[in-house]
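Below you'll find the structure, written out as structure tokens, and then a few comments.
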Amino acid sequence: MNLLALAGLLLMIAGTVGLFCGPDASQYAFAPSEEDALSRLTDLEKRWDGTFPAVSLHGLSSGVSVSAGEKSQGAVCLYQVEGNFFQTYPRTFLAGRPLARGDHAKRVMVVDEKLAFLLFGDQDPLGKTIRVQENDFRVVGVAAYSRRIGETGDYTAWIPMGCEKAPPMEIQMVTAGGKASDGERTVFKTTAAELFGSGDAIDLYKEKIRGSIVLLFLLAVIGLRLMAKWMRALKKLCRKWFDQIREKLKLRYPRQMLGTIFGKSLGAAFLWAVFLGISVLMVMAVAELMMVFPEWVPEQLLSASAVGRRFWELTGISARPIHWQTPELAEIRFWSGLVRWGVLAFLAGTCRIGKYSSPKQPESADEAP
Numbered sequence: 066m067n068l069l070a071l072a073g074l075l076l077m078i079a080g081t082v083g084l085f086c087g088p089d090a091s092q093y094a095f096a097p098s099e100e101d102a103l104s105r106l107t108d109l110e111k112r113w114d115g116t117f118p119a120v121s122l123h124g125l126s127s128g129v130s131v132s133a134g135e136k137s138q139g140a141v142c143l144y145q146v147e148g149n150f151f152q153t154y155p156r157t158f159l160a161g162r163p164l165a166r167g168d169h170a171k172r173v174m175v176v177d178e179k180l181a182f183l184l185f186g187d188q189d190p191l192g193k194t195i196r197v198q199e200n201d202f203r204v205v206g207v208a209a210y211s212r213r214i215g216e217t218g219d220y221t222a223w224i225p226m227g228c229e230k231a232p233p234m235e236i237q238m239v240t241a242g243g244k245a246s247d248g249e250r251t252v253f254k255t256t257a258a259e260l261f262g263s264g265d266a267i268d269l270y271k272e273k274i275r276g277s278i279v280l281l282f283l284l285a286v287i288g289l290r291l292m293a294k295w296m297r298a299l300k301k302l303c304r305k306w307f308d309q310i311r312e313k314l315k316l317r318y319p320r321q322m323l324g325t326i327f328g329k330s331l332g333a334a335f336l337w338a339v340f341l342g343i344s345v346l347m348v349m350a351v352a353e354l355m356m357v358f359p360e361w362v363p364e365q366l367l368s369a370s371a372v373g374r375r376f377w378e379l380t381g382i383s384a385r386p387i388h389w390q391t392p393e394l395a396e397i398r399f400w401s402g403l404v405r406w407g408v409l410a411f412l413a414g415t416c417r418i419g420k421y422s423s424p425k426q427p428e429s430a431d432e433a434p
């Protein structure tokens, strides 16, 4: 394997790991509204009762300035959160507690460990006060530092949504945690649009699979090639065993060959069972892909017009711009780009073009054989 193929393999691994390290959730991003979003969240939870494991609402403000005493920092991503935010976006807590339901009436804050060290040094940050614009917030929790690629700030802090004189939000999102079926995604988008107005529905799990499609296709091609070679090797091995048994039966009684026949038959049955099991897993993987993207399947599989119509429908859908890009979606697109470039580099490094050349022609008649 040359350096280009190795670099492509490393990019594919890094992109795949990055893709599936993020949360699996359904997001609905919309413009910040002056209306009471908290009451609408309560209405949303009533409608979705039992459908999703956790529902949250949050907004994002980038480049917010915070200060504590004489120290300040102006590159903070400030999240204003409500509902089960830390269930839909899990974080590791080093001290204190996450924000809970009902904290919107309090001036409390959670900060990441790097911001806490920047503002307070070696002191215990719990109970300390941080000023955000004209508001003072008491630190109740410290989360492990984990900066997302889609976040523009170097540090992160969280406050309850609904605080007076809070920084203006650039984007708001309602989130339902966990993987969703196609029907649940439809209900999620319809209900969120009804309560929060026009916006963009984003399924993070679906976007992860979409970002890794080219890698899945490459793995499917490699898998089919390997399965074909395996099947040919199995046929050859079974034929060899059968010929050996048939030759030995000419010299021995069948009763003396029962152990050999049983052992080789059991070995062949086991190898074919493994082959069939892997084949079933590959079919199930394709079926799972179709469950994630049911819109890819035309109404009539063998109808050219239905396939063409579905193709142009999907082309039109993919051409629609996303007006509200969340940090999680920006991160998925970054890792998806690594996966695509990795596949291209891997293929370019493993394919050898111009391997064969024409034989050298004799220069004169004397050199001809």
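Sequential numbering from 66 applies to the sequence shown in the numbering used here. From the three backbone atoms N, C-alpha and C, an ideal C-beta is built for every residue, glycine too. Please read these numbers as outputs of a predicted model, since none were measured by experiment.
Membership of S401 in the alpha helix (DSSP H) is indicated by the continuous run P392 to T415. For P392, the closest alpha carbon among the candidates I78, T217 and S91 is that of T217. Taking C-beta separations shorter than 7 angstroms and ignoring five residues to either side along the sequence, the partners of G87 in its chain run L269, E393, E396 and I397, following chain order.
Cβ contact annotation for L184 (same chain, cutoff 6 angstroms, sequence separation greater than five): A133 and K136, in chain order. Within the DSSP bridge table, the entry for R196 names S132 and D201 as partners.
A distance below 7 angstroms between beta-carbons, with the five flanking residues on each side excluded, links Y154 to the following residues of its chain, in chain order: P88.
For F85, there is no enclosing alpha helix (DSSP H), as DSSP marks it with neither H nor E. Distances from the alpha-carbon of Y210 to those of Q198, W223 and T81 put W223 closest. In this structure, F158 sits near G206, with a CB-CB distance shorter than 9 angstroms. Rounded to the nearest angstrom, the gap between the Cα atoms of T255 and G215 is 26 angstroms. Going by DSSP, L283 is part of the alpha helix (DSSP H) stretching over I278 to L314. The beta carbons of K273 and D219 sit no closer together than 9 angstroms. DSSP, read as helix, strand or coil, puts E235 in coil.
The continuous beta strand (DSSP E) containing D177 extends over residues V173 to D177. In the structure shown, the three-state DSSP call for G373 is helix. Secondary structure at T240: strand, using DSSP grouped into helix, strand and coil. For G248, no beta strand (DSSP E) run applies; the uninterrupted alpha helix (DSSP H) run containing it begins and ends at D247 to F261, by DSSP.
Nearest to K271 by alpha-carbon distance, out of D177, S91, Q138 and T240, is S91.
Going by beta carbons, D189 and A165 fall outside the 9 angstroms limit. Excluding five sequence positions before and after C142, the CB atoms of its chain that fall closer than 6 angstroms to its own CB belong to S127, E216, G218 and T221, given in chain order.
Buried is the label assigned to C228, since at least 16 other Cβ atoms lie within 10 Å of its Cβ. Exclusion of the five residues before and after A70 leaves F411, G414 and T415 as the residues of its chain whose Cβ lies within less than 6 angstroms of its Cβ. In this structure, DSSP gives I214 a state outside helix and strand, which the three-state scheme calls coil. Assignment of W337 by DSSP, reduced to helix, strand and coil, places it in the helix class. Here the region 276-284 lies against the region 397-406, with 3 or more beta-carbon pairs under 8 angstroms apart. With a cutoff of 9 angstroms on beta-carbon distance, F95 and I267 are scored as not near each other.
In this structure, the beta-carbon distance from F340 to W295 falls below 9 angstroms. Separation of the CB atoms of G264 and Y93 is rounded to 5 angstroms, and the pair is thereby assigned contact status at 8 angstroms. Taking 9 angstroms as the cut-off, the Cβ atoms of I195 and V146 do not count as close.
With respect to the 9 angstroms criterion, W306 and G342 are not classified as neighbours on the basis of their beta carbons. Closest option to L289, judged by alpha-carbon separation, among M347, V239, T240 and A334: M347. Taking all protein chains shown into account, Q138 has 16 or more neighbouring C-beta atoms within 10 Å of its C-beta and is therefore buried.
A72 carries a helical assignment under DSSP once its states are collapsed to helix, strand and coil.
Between M226 and L125, the C-beta gap is not smaller than 9 angstroms, which leaves the two residues out of contact. Comparing alpha carbon positions, the residue from T81, L68 and S104 closest to L260 is S104. Under the DSSP assignment, D108 falls in the alpha helix (DSSP H) whose first and last residues are A102 to R112.
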